[in-house]
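In the working numbering, the protein residues as written are 42 to 343. Notes for the one structure printed next.
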Amino acid sequence: MRKFMVFDIGGSSVKWSVINENGEFIENGKFNVPSDKEEFFSKLSITTNEMKGKFDVKGIAISAPGAVDSESGLIGGTSAIPYIHGPNFKEILNEKTNLNVELENDANCAALGECWLGAGKDNKDLAFVVCGSGIGGAIVKDKKIHGGVHKHGGEFGYCSIICELEGQLKFASWSKVGSTTALVRKVEKLKGLDEGSLDGVKVFDLCNNGDEIAINEVNKYYFIMAAGIYNIQYTYDPEVIILGGAISERPEYVEEINKRIDILMSSYLEGKIKPVLKTCVFGNDANKLGALCNYLQREKNL
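Below, the structure written as structure tokens:
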């Protein structure tokens with residue numbers, strides 16, 4: 042059975058695995074993101090060549106941040122690693138390893154991984170929403186990513202909503218007001234705490250322990266999530282919407298969002314199709330599985 046080198050490029054570290062074509066993990070590791078482009082590509086190629094000698098890996102699959110162009114091997118947009126935007130990953134790594142290279146956006150990879158073997162394995166059409174420092178996501182149609190003409194398909198965090206900011210009703214992006222980070226910063230401000238005093242876990246602990254400010258803001262957070270998810274349902278009408286990010290691992294997460302969706306649908310909204318929500322099965326490993334799924338799909342279409 043063929044084996045592949047798979048990289049998941051994050052803001053501070055690069056996680057890697059050797060995975061076979063059935064999605065089984067054989068070996069894992071990681072290294073810190075280097076400070077410059079040359080060392081970055083050197084680490085990718087050295088790690089690959091070591092695993093190539095050990096396991097006879099047949100190709101390289103990559104999950105990366107930014108507006109990834111899977112055809113060209115270029116990454117547009119911005120991310121926490123500025124030097125990855127511009128170089129041609131396919132050309133550089135092929136020259137250094139003599140292996141075929143395929144890459145895709147990290148949120149898209151997570152969606153593909155869950156659609157291939159995880160929460161969406163029985164579905165063809167799904168939406169994926171990840172909540173953390175911002176709101177990200179992906180759209181899967183017939184088991185394949187719908188990237189859109191500008192490679193922004195599924196970038197739900199850019200969606201505009203009306204909310205109260207600084208005492209006035211204003212337009213803002215879903216990421217700005219509906220992410221976990223936005224929730225934490227709002228609670229810090231209302232409680233007069235320095236930025237960085239709290240994190241998502243602490244805010245939800247405050248809520249569960251009866252803190253009125255946290256209870257009020259967590260309730261708003263769930264309503265914002267419910268509204269965004271409802272809009273996705275009526276924009277794309279997927280079979281299922283899969284939720285990712287560390288916050289989605291909370292046992293009450295889906296139940297609380299469903300409660301707010303019920304309130305919205307029974308009180309204000311005309312739509313009668315309630316979104317079906319699931320959470321990720323593979324967590325952070327979904328990115329790597331999705332990167333390999335993308336590789337196999339593109340290989341099949343060549």
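We put the CB at the ideal spot given by N, CA and C, even for glycine.
- The C-beta separation of ALA168 from ILE273 comes to about 5 Å, placing the pair in contact by the 8 Å criterion.
- DSSP places ASP246 in the helix class (H, G or I) of the three-state scheme.
- Assigned with DSSP and collapsed to three states, ASP303 falls in helix.
- Distance from the CA atom of GLY175 to the CA atom of GLY331, rounded to whole angstroms, is 21 Å.
- ILE87 counts as exposed, since fewer than 16 other beta carbons sit within 10 angstroms of its beta carbon.
- Contact annotation: the region 154-171 touches the region 315-334, with at least three C-beta pairs closer than 8 Å.
- By the neighbour-count criterion, in which 16 or more other beta carbons inside 10 Å mark a residue as buried, PRO123 falls on the exposed side.
- For LYS56, the enclosing beta strand (DSSP E) has its first and last residue at 54-61.
- SER220 places its beta carbon 9 Å or farther from that of CYS200.
- Here ILE203 is not near LYS192, since their CB atoms are 9 Å or more apart.
- VAL181 is bridged by DSSP to LEU167, ILE186.
- As computed with DSSP, CYS172 is found in a beta bridge with ILE176.
- Each of TYR271, ASP278, TYR277, ILE298 was checked against the Cα of VAL259, and the nearest Cα belongs to ILE298.
- Beta-bridge partners of ILE116 (DSSP): VAL109.
- Between the alpha carbons of ARG43 and TYR277 lies a gap of roughly 36 Å.
- The Cβ atoms of GLU145 and VAL109 lie closer than 9 Å to each other.
- At a Cβ-Cβ threshold of 9 Å, LYS84 and VAL55 count as neighbours.
- Within the DSSP secondary-structure output, VAL142 pairs in a beta bridge with ILE101.
- Taking 8 Å as the upper bound for CB-CB distance, GLY161 and VAL281 are in contact here, some 6 Å apart.
- Annotation: the continuous alpha helix (DSSP H) that includes VAL259 extends over 253-277.
- Under the three-state reduction of DSSP output, VAL74 falls in the coil class, being neither helix nor strand.
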